[in-house]
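J.: Please read through the structure below; I'll follow up with questions.
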Amino acid sequence: MSEEFLEKYNGILRGVMQWEKLDDLWSAIRNQKYEGWYIYAPGHDLPEKLADREELDQFILRMDTLLRKEHGEDYCGIVYADDFSNPALVKIFDPNNLGSSCGSSNAPAQPGWVMSRDKPVPLGTDVILPGNRKRWWNRLWN
């Protein structure tokens, strides 16, 4: 079990409020020389390996497109990171399944996707994934 992952996952994260700040976060991730990122969607299998440069680029590009298209707001507010300039964990909430992403409810919404420098542990094995998200995730890697 990855204590480091859980510590960061359950730790204090800051919200990315403006779309321009999301661009900055993606740049910070890319500027880390593409090393050491696990990309995980709770409810799916844990990643077996770190994403390579092409996989990371593909994920960022497609995720950015999905968020901007489906969130339908002039602000972001559904991406959270532990550190904007040197991130080690990023939670991305599904714009179509937000629930209470701010954590103010007893059962806050689970992120749709997690990017982590530490190996993740299973989250949300009881998550019911909509068919469109299953297809999106599977197409991402094929």
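In this text, residue positions in the sequence shown follow our numbering: the first is 120, and each later residue adds one. Even glycine gets a Cβ: it sits at the ideal position worked out from N, Cα and C.
(1) If I measure Cβ to Cβ from VAL240 and keep anything under 8 Å in the same chain, skipping five residues before and after, which residues do I get?
(2) Okay, do the segment 193–202 and the segment 136–146 touch, 3+ Cβ pairs below 8 Å being the bar?
(3) Could you give the distance in angstroms between the alpha-carbon of MET182 and the alpha-carbon of ALA207?
(4) Can you say whether SER204 is buried or exposed, counting buried as having 16 or more other CB atoms within 10 angstroms of its CB?
(5) Buried or exposed for LYS152, please, with buried defined as at least 16 other CB atoms from any protein chain shown within 10 angstroms of its CB.
(6) Could you spell out the range, first to last residue, of the beta strand (DSSP E) harbouring ARG235?
T.: In brief:
(1) Taking the first residue of the sequence shown as 1, we reach residue 240 at position 121. Once the five neighbours on either side are set aside, the close Cβ partners of VAL240 are MET120, SER121, PHE124, LEU125, LEU165.
(2) Judged by Cβ distances under 8 Å, the segment 193–202 makes contact with the segment 136–146, as three or more pairs qualify.
(3) For the purposes of this step, residue 182 is taken as residue 63 along the sequence shown, with counting starting at 1. For the purposes of this step, residue 207 is taken as residue 88 along the sequence shown, with counting starting at 1. Approximately 18 Å between the Cα atoms of the pair.
(4) Position 85 of the sequence shown, counting from 1, holds the residue named residue 204. Per the 10 Å Cβ criterion, exposed.
(5) Looking up residue 152 in the sequence shown gives position 33. Counting Cβ neighbours within 10 Å, LYS152 comes out exposed, since fewer than 16 surround it.
(6) Counting from 1 along the sequence shown, the entry for residue 235 is found at position 116. One point to set straight first is that residue 235 is Ser, not Arg, in the sequence displayed. Residues 232–235.
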